[in-house]
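Colleague: The structure's right below; bear with me while I get my questions together.
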Amino acid sequence: MERPKPLRLAACPVCKSRNVNAIWYGMPLGDPEVLWPPNATAGGCALSGLDPNRVCLDCGHEWSTPAAARRVWSALPPQTG
Ligand SMILES: [Zn+2]
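For the sequence shown, my numbering gives the first residue as 26, with consecutive numbering after it.
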C-alpha cells in the first residue's frame, strides 16, 4: 500500500514554522505509520471537540483549526476493511 501524501498544513501561528503536524483522533484500523500521511499524528481516541488538531514540531505549540479539522476528518481513511 502506498502511503498518503503529506497534508498541506498552515504554518505555526506562533513561530511561523512549516514543521507542523496534524493531530488525528480516533482508532485507526491499521498502522498509522502506513495508512496516514507522514505529518499526521495520532492523538488518541478521545475527542472532546476542544482537542487541538495541529502541533508545531519546532516550538511545541498546539492549536485547533475548525475548518481544517473538517477537511482532515473527511480525509481519514475509511473505517472498514
Ligand atoms: Zn511553532
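Just so it is clear, CB atoms sit at the ideal spot from N, CA and C, and this is done for glycine as well. Note that the coordinates shown come from a computational prediction; the quantities given were computed from them, not determined experimentally.
Excluding the 5 residues flanking D83 on each side, which residues of the same chain have their C-beta closer than 8 Å to its C-beta?
Modeller: On the sequence shown, position 58 is the one that residue 83 refers to. So the qualifying residues of the chain are C37, C40, S42, N44.
Colleague: Closer than 7 Å to a non-hydrogen atom of ligand 1 - does that hold for the CB of S42?
Modeller: Locating residue 42 in the sequence shown gives position 17, where the first residue counts as 1. Within the cutoff, so yes.
Colleague: For L133, count the other beta carbons within 10 Å of its own beta carbon; 16 or more makes it buried, fewer makes it exposed. Which is it?
Modeller: Because the chain here runs from 26 to 106, residue 133 falls outside it and cannot be looked at.
Colleague: Using three-state DSSP, classify S42 as helix, strand or coil.
Modeller: The count along the sequence shown starts at 1 and reaches residue 42 at position 17. S42: coil per DSSP, three-state reduction.
Colleague: Just to check, is the beta-carbon of D83 closer than 7 Å to a non-hydrogen atom of ligand 1?
Modeller: Residue 83 sits at position 58 when you count from the first residue of the sequence shown. Yes, the beta carbon of D83 sits closer than 7 Å to at least one heavy atom of ligand 1.
Colleague: With a threshold of 7 Å, establish whether the CB of V39 neighbours any heavy atom of ligand 1.
Modeller: Position 14 of the sequence shown, counting from 1, holds the residue named residue 39. Because some heavy atom of ligand 1 lies under 7 Å away, the Cβ of V39 counts as near it: yes.
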